[in-house]
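Protein chains in written order, with the numbering used here: chain A, 20 to 294; chain B, 79 to 373.
Below is one structure; the comments refer to it alone.
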Amino acid sequence: MKKLFQLEKIKTLSYPAFKTLMIIHFLLFFLVVLVVSRIHFSIPGFSVKGLYQFPNIWEFFPWVASWFNLFLAIVVILLVGNEFSFRTFRQNVVNGLSRNDLISGKLIMIVTIAVYTFLMVLLAILIFGMVYTNGITFTIVFEKSYLILIYFIQAIGYMTIGMFIALVFRNNALSIIMFLLYFAIIEPVIRLIFKAEARRFFPAKIISNLTPTPEFLTMTSEKSFTSSSGKSSLDFQEIGLIPESLSLDLTVIMAVGFIGFFIALSYFITNKRNL
Amino acid sequence: MEKVVEINHLSKSYGKILAINNISFTVNRGEVYGILGPNGSGKTTTLSVILDILKAHSGHYRWFDKPMDKFTRRRIGSLIETPNFYPYLSLWENLKIVAKIKDAPEEDVNYALGVSNLLKRKHSPYNTLSLGMKQRLAIASVLVGNPEVLVLDEPTNGLDPEGFAEVRNIIQSQANEGKTIILASHILDEVEKVCSHVAILKSGEVIANGKVGELLTTDDMVYIQSERMEDLEPMLQQTNFVKKVFKSDKDLAVVLESGYSATDLNKYCFEKGFTLSKVLLKKQSLEDQFLQLVK
């Protein structure tokens with residue numbers, strides 16, 4: 020494992036697009052949180068400053084960071100796609116890596132990137148939280164801190180799907196397009212074929228729901244949306260108007276399951292197809 | 079003799095196209111084994127299959143008398159088709175990756191770059207190299223880890239005559255160190271000069287294999303001309319000491335059975351009423367043999 024990590028480190032740190040995308044990811048996240056912290060508006064019962072206080076910040080910052088998971092997925096797509104463009108996957112097998120090692124190396128890289136982004140968000144939470152929260156206690160600080168671990172799982176989820184798509188299409192541009200299309204159009208359209216209850220169990224839906232819209236930004240009264248028209252409340256969940264009814268525990272378990280599924284598929288197709 | 083690689087009845091298709099069909103041969107330790115064939119004859123496909131880049135549809139192969147695995151691969155240094163490196167990494171970094179994969183020390187990288195005359199450029203990005211330098215880096219990468227076997231697919235691609243000579247010297251020096259070398263090439267001169275054994279491929283099949291020395295010395299060729307060439311050829315085809323006769327430009331090329339000389343042929347033709355205006359004895363080169371075989 021150490022060897023695979025060292026190999027990926029040599030390949031990744033020197034790749035110009037990697038450095039560019041990770042810098043953009045870092046800057047965008049901090050730009051957003053800084054800009055929002057400067058916003059002042061009055062809504063009864065709501066304060067922007069509240070978003071930056073413990074424990075709400077544990078929901079807000081991972082939710083913001085989740086917007087930029089796309090950059091992380093694109094980084095992984097590029098790094099995997101390059102191995103086919105440069106034919107270095109093939110050369111690495113010829114030199115002595117097994118086909119499984121190729122995927123294991125990329126997984127190590129995915130986890131490393133996820134750890135980086137986890138630490139970035141954690142550091143931001145601790146700094147902003149300490150600044151904006153009055154009356155800091157251990158309980159207040161670490162209540163809901165588990166949510167950042169869930170964000171870590173989400174980052175891995177996006178990157179794993181990106182890796183799988185790159186392994187299928189083997190072309191950077193096509194893979195990025197297919198990744199975006201899958202999340203934006205393909206899965207949403209497929210979901211519409213199914214009943215409302217079943218729509219919650221698709222991979223993109225599950226993974227994106229790991230960091231749901233923070234409670235204080237959503238309408239809290241579900242009853243307002245049931246129906247005089249007879250529509251199921253689950254349809255309103257589809258357009259994000261009311262909170263999902265799947266528990267977070269179940270969502271996490273299913274997300275981990277889907278991550279495992281895509282990883283297994285990645286190993287399978289790498290072993291079956293010509294390099 | 080220890081078998082390095084044993085290939086049995088290997089076949090591989092690309093869709094409806096049968097790239098290699100029932101390929102079998104064995105390479106023993108210490109041999110410099112050439113795989114010759116025209117473009118599209120299956121040389122690269124054969125090497126790609128036995129290096130586990132491609133999957134065969136039938137047949138099997140064994141390296142060092144066992145199935146291929148990643149530990150076996152580390153005993154082999156390979157160059158297949160065009161060199162494959164990370165263009166944004168330097169020469170040093172690219173070979174460092176090879177060294178890490180093979181669990182070889184970093185000193186091997188300097189050695190390999192030195193042998194290929196690339197030490198001065200070791201920190202240059204790969205994508206700044208000329209074609210010839212890229213090919214030399216590919217040869218350098220094959221030497222990292224001091225592998226027991228070298229598999230080289232068209233190693234002189236893109237090289238100038240000086241580069242040709244360098245590669246030939248590298249191959250010969252590695253062979254002198256006891257390494258087993260498998261060399262695929264369409265350049266017969268290269269194979270003739272460095273290889274001890276050769277397999278000739280045509281349309282995905284092995285049509286001849288054996289020691290280069292045997293293929294070269296078995297048949298001498300006599301080139302003859304006469305006024306009545308159209309009658310001479312059928313006459314010679316019926317002659318019992320003529321192994322083979324075929325047209326070669328304006329001459330007839332005649333391969334004699336062993337024990338018969340050009341003088342015997344001239345005398346026989348005269349007795350049959352043919353006066354030969356040209357009688358030229360030529361030791362058949364591998365090129366002649368090869369061209370004959372692949373026609």
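Backbone N, C-alpha and C fix where the C-beta goes; we use that ideal spot for every residue, glycine too.
- An exposed status is given to glycine 93 (chain B), since fewer than 16 other beta-carbon atoms sit within 10 Å of its beta-carbon.
- With its beta carbon at least 8 Å from every one in chain B, leucine 284 (chain A) lies outside the interface.
- The Cβ atoms of valine 52 (chain A) and valine 67 (chain A) lie no closer than 8 Å to each other.
- The alpha-carbon separation between glycine 155 (chain B) and glycine 176 (chain A) amounts to approximately 37 Å.
- Serine 194 (chain A) and glutamate 270 (chain B) have their C-alpha atoms roughly 47 Å apart.
- Closest in C-alpha terms to phenylalanine 280 (chain A), from the list A:Ile180, A:Asn190, A:Ala192 and A:Ala203, comes A:Ile180.
- Around the beta-carbon of phenylalanine 198 (chain A), 16 or more other beta-carbon atoms lie within 10 Å, marking it buried.
- The CB of asparagine 153 (chain A) never comes closer than 7 Å to any CB in chain B; the least such distance is about 50 Å.
- Within a 10 Å sphere around the beta-carbon of phenylalanine 202 (chain A) sit 16 or more other beta-carbons, which makes this residue buried.
- Chain B places a beta carbon closer than 8 Å to that of asparagine 111 (chain A), counting this residue as a contact.
- Taking 7 Å as the upper bound on Cβ-Cβ separation, chain A lies near residues Leu129, Asp130, Ile131, Leu132, Lys133, Lys148, Arg151 and Arg152 of the segment 125 to 154 of chain B.
- Note on geometry: alpha-carbon atoms of asparagine 106 (chain B) and threonine 258 (chain B) lie some 8 Å from one another.
- In the three-state reduction of the DSSP assignment, methionine 20 (chain A) falls in the coil class.
- At a beta-carbon threshold of 9 Å, the residues of chain B lying near lysine 22 (chain A) are Lys178, Ile179 and Asp181, ordered along the chain.
- Residue environment for serine 208 (chain B): exposed (fewer than 16 other C-beta atoms within 10 angstroms of its C-beta).
- Per DSSP, reduced to three states, the secondary structure at asparagine 290 (chain A) is helical.
- Burial check for glycine 124 (chain A): the Cβ neighbour count within 10 Å reaches 16 or more, so the residue is buried.
- Here phenylalanine 213 (chain A) is exposed. Its C-beta has fewer than 16 other C-beta atoms within 10 Å.
- Within the segment 96 to 109 of chain A, the residues whose Cβ lies closer than 7 Å to any Cβ of chain B are, in chain order, Phe105, Arg106, Thr107 and Arg109.
- For tyrosine 189 (chain B), there are no neighbours in chain A by C-beta distance under 8 Å, as the nearest C-beta there is about 17 Å away.
- Contact with chain A is absent for tyrosine 301 (chain B), since none of that chain's Cβ atoms lies less than 8 Å from the residue's Cβ.
- Counting only unbroken stretches of 4 or more residues, the alpha helix (DSSP H) elements lying wholly within the segment 94 to 169 of chain B are 121 to 128 and 148 to 151, in sequence order.
- Between threonine 341 (chain B) and the set B:Val357, B:Lys350, B:Glu109 and B:Leu228, the nearest pair of CA atoms involves B:Val357.
- The Cβ neighbour count for glycine 115 (chain B), taken over all protein chains shown within 10 Å, is at least 16; the residue is labelled buried.
- Taking every protein chain shown into account, the CB of glutamate 80 (chain B) has fewer than 16 other CB atoms within 10 angstroms, so this residue is exposed.
- Cβ neighbours of phenylalanine 24 (chain A) within its own chain (closer than 6 Å, five residues either side excluded): Ile127.
- Interface criterion not met: the Cβ of isoleucine 285 (chain B) is under 8 Å from no Cβ in chain A.
- For glycine 192 (chain B), no beta strand (DSSP E) run applies; the uninterrupted alpha helix (DSSP H) run containing it begins and ends at 185 to 193, by DSSP.
- Leaving aside the five residues that flank valine 83 (chain A) on each side, the residues in its chain whose CB is nearer than 7 Å to its CB run, in chain order, Phe48, Val51 and Val52.
- Neighbours of leucine 116 (chain A) in chain B, taken as residues at a C-beta separation under 7 Å, are given in chain order as Lys148 and Ile179.
- Note that the segment 268 to 287 of chain B does not touch the segment 313 to 329 of chain B; fewer than 3 beta-carbon pairs, one per stretch, sit closer than 8 Å.
- In this structure, DSSP gives lysine 325 (chain B) an extended state, which the three-state scheme calls strand.
- Chain A has a Cβ within less than 8 Å of the Cβ of asparagine 162 (chain B).
- For the segment 226 to 248 of chain B, the set of positions with a beta-carbon nearer than 9 Å to some beta-carbon of chain A reads Val229 in chain order.
- Counting other Cβ atoms within 10 Å of its Cβ, tryptophan 77 (chain A) reaches 16 or more and is therefore classed as buried.
- Among the residues facing chain B, lysine 30 (chain A) is included, as its CB has a counterpart in that chain under 8 Å away.
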